[in-house]
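Residue numbers (the UniProt record's numbering): 1 to 378. Glycine is no exception: its CB is placed at the ideal position from the N, C-alpha and C atoms. Note that the structure is predicted; figures quoted are calculated from it, not measured.
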Ligand SMILES: CC(=O)SCCNC(=O)CCNC(=O)[C@H](O)C(C)(C)COP(=O)(O)OP(=O)(O)OC[C@H]1O[C@@H](n2cnc3c(N)ncnc32)[C@H](O)[C@@H]1OP(=O)(O)O
Ligand SMILES: N[C@@H](CCO)C(=O)O
C-alpha cells in the first residue's frame, strides 16, 4: 500500500514523495517501514513501458538530476547528461531519479521520524547497504508501474547501484551504464570514509547523533569530513592547475593559520557549503553502505557469478585521473562481465578533473552514453 505525501508540479518537473508501507527487508536482517522515497520524473512512460531510465545518484547527490536544487538554487547535478537534446532525453525517455534511502532529501533516513517513537531515528536508523538502496528503488518502480528498465545509469555511488541492479533484478534491467565506479570498496576507500566519520563523531555537537531537537548540528565535523572527501574527488594535476601555490586574497604569507592558500580557502568553502545541504548522520550511514559494498562477496566470492542470470548490456566508463575508483576497478568489472558472457563495452576517458569528471563538461562522456543508449534503441 502506498500513500502520496507530497506532489508538486513545478517548471522543473514533477516533485514527489511517496510513502510505501514496506516493510523493506534489509541486508542486515532488519526491516524498514514505512519507506519514504522522494523522487523526480521527467518525460512519459511509453504505452509498452519500454522507455524507462533510472538515474542513480552519488553519495551526496539527490533526486534533482535535471531540476534546480530547492536548497541551493543550483541546476540539477547532471544537467549536462539529462535534458532536452541530451543523451537521456525526456522527449524519448521516462526518466526517474530517487533520493537514496539513508539520505536527507526526502527519502527515509536518520533524520526521518521513527513511527515507533515519534522522534527522529538518528543512530537508531538501520544500517543500510547499496543493495538496500536498490531494493527501495524497486519498490518505487513497482509503485510507478515500471516493470522493466530500459537502462539504469549512475556515476560513483550511483554506478554501484546501477551495477547492483542486474544482480538483484536480472529480469528488470536491459542495459546498465556504470561510470567512475567500482564493484567493491577498497581499503583506501574505506580509510578515507573512516576519517570523515571520525571527524563527525568527534564533534561535540554530534552527541551520539541526537542533535535534531535543538538544531545544533555537528557542522565542524561534517565540514572537515567533506573537505577530506572532496580532495579524493579531484586530481593532483587539476588542483595544481586551478590553485597551484597561489595565495588567497593576500600578497604574502601571514605566518599564521588563516587560509593563506587558495586551495585552503576553496576546501573551507566546499566544507561550509556542504553543511548547509547535508545531514551529518546521513553522511555516516551512506558512507557505511558504500564501505560494505562488495558485489563478489555477496556472490560466493565471484564477481562473474553475480551477473550470470542477467541479459543486460553493460557500458563501463572510467577516467584516467580518477584515483578514487581508478580504471583498474572498471577493468575488474569488465573481466567479470566477459566471464559471465555478458555484452560489455568499456572506455577510459581522459580528463584533468579526477573522479568528479563525470559531473563536469565532458563531451566524450555524453557521446559514449548517447551511443550506448541508441545502440540498444533506449
Ligand atoms: C553525483 C551526484 O549524484 S550529485 C553530487 C554532486 N554534487 C556535488 O558534489 C556538489 C559539490 N561538488 C562540487 O561543486 C564539485 O566540485 C563539482 C565537480 C560538482 C563542481 O565542480 P566545479 O564546477 O569545477 O566547481 P568547483 O569545484 O570549482 O567549486 C566551485 C565553488 O568553489 C568556490 N571557490 C572556488 N575557488 C575558491 C576559493 N579560492 N576560495 C573559496 N571558494 C572558492 C566557488 O565560488 C564555487 O562556490 P559555489 O559552489 O558556492 O558557487
Ligand atoms: N562529488 C560527488 C561524487 C562523490 O562520489 C558527491 O558528492 O556525491
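query: heavy atom of ligand 1 below 7 Å from residue 273 C-beta; result: yes
query: Buried or exposed by the 16-neighbour rule on C-beta atoms within 10 Å, applied to residue 63; result: buried
query: For residue 110, the three-state DSSP class (helix, strand or coil); result: coil
query: Straight-line Cα distance separating residue 19 from residue 107; result: 9 Å
query: Check: residue 61 C-beta below 7 Å from any heavy atom of ligand 2; result: yes
query: Inter-residue Cα distance where the pair is residue 227 and residue 309; result: 41 Å
query: Check whether residue 55 and residue 153 have beta carbons under 8 Å apart; result: yes
query: Under 8 Å between C-beta atoms of residue 280 and residue 221; result: yes
query: Test item: CB-CB of residue 140 and residue 39 under 8 Å; result: yes
query: Those runs of the alpha helix (DSSP H) which lie wholly inside the stretch 151-181 and span at least 4 residues; result: 157-168
query: Option nearest residue 136 by Cα separation, candidates 242, 169, 116 and 150; result: 169
query: Residue 112 versus residue 251 - alpha carbon distance; result: 48 Å
query: Distance, residue 208 Cα to residue 201 Cα; result: 7 Å
query: Residue 353 (DSSP reduced to helix, strand or coil); result: coil
query: Residue 10, buried or exposed, once every other Cβ within 10 Å from all chains shown has been counted against 16; result: Confidence is the limiting factor: at residue 10 the pLDDT is only 47, short of 50, which leaves the residue's position unreliable, though a coordinate-based value still follows. Its Cβ having fewer than 16 others within 10 Å, residue 10 is exposed.
query: Identity of the residue in 173, 127 and 81 nearest residue 179 by Cα; result: 81
query: Cβ separation of residue 175 and residue 199, assumed to be a contact under 8 Å, to the nearest whole Å; result: Incorrect: roughly 39 Å between the Cβ atoms, too far for contact.
query: Closer than 7 Å: residue 58 CB and nearest ligand 2 heavy atom; result: yes
query: Span separating the alpha-carbon of residue 60 from that of residue 284; result: 11 Å
query: Residues that residue 281 bridges to, as DSSP identifies them; result: DSSP lists no partner for residue 281.
query: beta-carbon residue 133 near ligand 2 non-hydrogen atom, thresh 7 Å; result: no
query: For residue 182 and residue 345, the rounded distance between their alpha carbons; result: 15 Å
query: At least 3 beta-carbon pairs within less than 8 Å: the stretch 85-94 vs the stretch 43-55; result: yes
query: Distance cut-off 7 Å: residue 266 Cβ against heavy atoms of ligand 1; result: yes
query: For residue 342 and residue 307, believed in contact at Cβ under 8 Å, the rounded distance; result: 5 Å
query: Check: residue 114 C-beta below 7 Å from any heavy atom of ligand 1; result: no
query: Given 8 Å, three or more beta-carbon pairs between the stretch 229-239 and the stretch 318-331; result: yes
query: Any non-hydrogen atom of ligand 2 within 7 Å of residue 356 CB; result: yes
query: Integer-rounded CB distance, given that residue 273 should sit under 8 Å from residue 109; result: Going by Cβ atoms, the distance from residue 109 to residue 273 rounds to 20 Å, so no, they are not a contact pair.
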